[in-house]
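Quick notes on the structure that follows.
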Amino acid sequence: MPSSPTRPASAVLAACLVLAACAGEEGDAIGRDTEPFSGIAEDEVIEVTGNEPFWGMTIDQAAGVAAYSTPENIDGTRFKAARFAGNNGLGFTGTLASGEGVVVTITPGECSDGMTDRTYPFTATAKIGGRDLEGCAFTDS
Numbered sequence: 788m789p790s791s792p793t794r795p796a797s798a799v800l801a802a803c804l805v806l807a808a809c810a811g812e813e814g815d816a817i818g819r820d821t822e823p824f825s826g827i828a829e830d831e832v833i834e835v836t837g838n839e840p841f842w843g844m845t846i847d848q849a850a851g852v853a854a855y856s857t858p859e860n861i862d863g864t865r866f867k868a869a870r871f872a873g874n875n876g877l878g879f880t881g882t883l884a885s886g887e888g889v890v891v892t893i894t895p896g897e898c899s900d901g902m903t904d905r906t907y908p909f910t911a912t913a914k915i916g917g918r919d920l921e922g923c924a925f926t927d928s
């Protein structure tokens, strides 16, 4: 049976989040928090915005769907988004109708879009097909 294009992306995302969670100071292995990231509730909608190139994403965790938008596609392309909570953030994987794999990571940390004075509470990175994108993320809470 052919493998799904999201399986490799899920494995890569999981490995990255696990490795990121292992990073720390020497001797920090004992007593480290091993709970999954809880800074964004599972029912919250996450808004992601990026520029250069301009892009956006709305992730509806409760519905398990996301919409990726660009200036050329303002309404966005909806796709199923699987959620993964690591120790240091969230990951989402899916596949666009075009067959391009999507991997998005949301991590806590002050983020500026570089165009306004607004700061956001989360940073976002996305790999869509062969494109690497960076941006900021926020929720309504």
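The sequence shown lines up with residues 788 to 928 when you count with this note's numbering.
Yeah, the Cβ is synthetic: ideal placement off N, Cα and C, and Gly gets one too.
query: Taking contact to mean at least 3 C-beta pairs separated by less than 8 Å, is the region 892-908 in contact with the region 824-836?
result: The region 892-908 is in contact with the region 824-836.
query: Mapping DSSP to helix, strand and coil, what is T931?
result: For residue 931 there is no data in the structure shown, the boundaries of the chain being 788 and 928.
query: Tell me which same chain residues have a C-beta within less than 6 Å of the C-beta of G922, skipping the five on either side of it?
result: V835, T836, G837, A911
- prompt: Does the distance from the C-beta atom of E887 to that of G851 stay below 7 Å?
  reply: For the pair E887 and G851, the CB atoms are not nearer than the 7 Å cut-off.
- prompt: Between the C-alpha atoms of G843 and S856, what's the straight-line distance to the nearest angstrom?
  reply: 5 Å
query: Nearest CA to the CA of A849: which residue from A872, Y907, E831?
result: The candidate whose alpha carbon is nearest that of A849 is E831.
Cα-Cα separation between G826 and G878, rounded to whole angstroms: Each residue's Cα considered, the two are about 13 Å apart.
- request: Helix, strand or coil for N860, going by three-state DSSP, please let me know.
  value: strand
message: Could you compute how far the alpha carbon of G814 sits from the alpha carbon of I846?
response: Any reading at G814 is ruled out, since the residue's pLDDT is 48, under 50, leaving its predicted position unreliable.
message: Can you tell me which residues form a DSSP beta bridge with G888?
response: T882
Other residues of its chain near K914: CB distance less than 7 Å, five sequence neighbours each side excluded: Apart from the 5 residues on each side of it in sequence, K914 sits with its Cβ closer than 7 Å to the Cβ of V890 in its chain, given in chain order.
- prompt: Would you say P823 and A872 are within 7 Å of each other, going by their C-beta atoms?
  reply: yes
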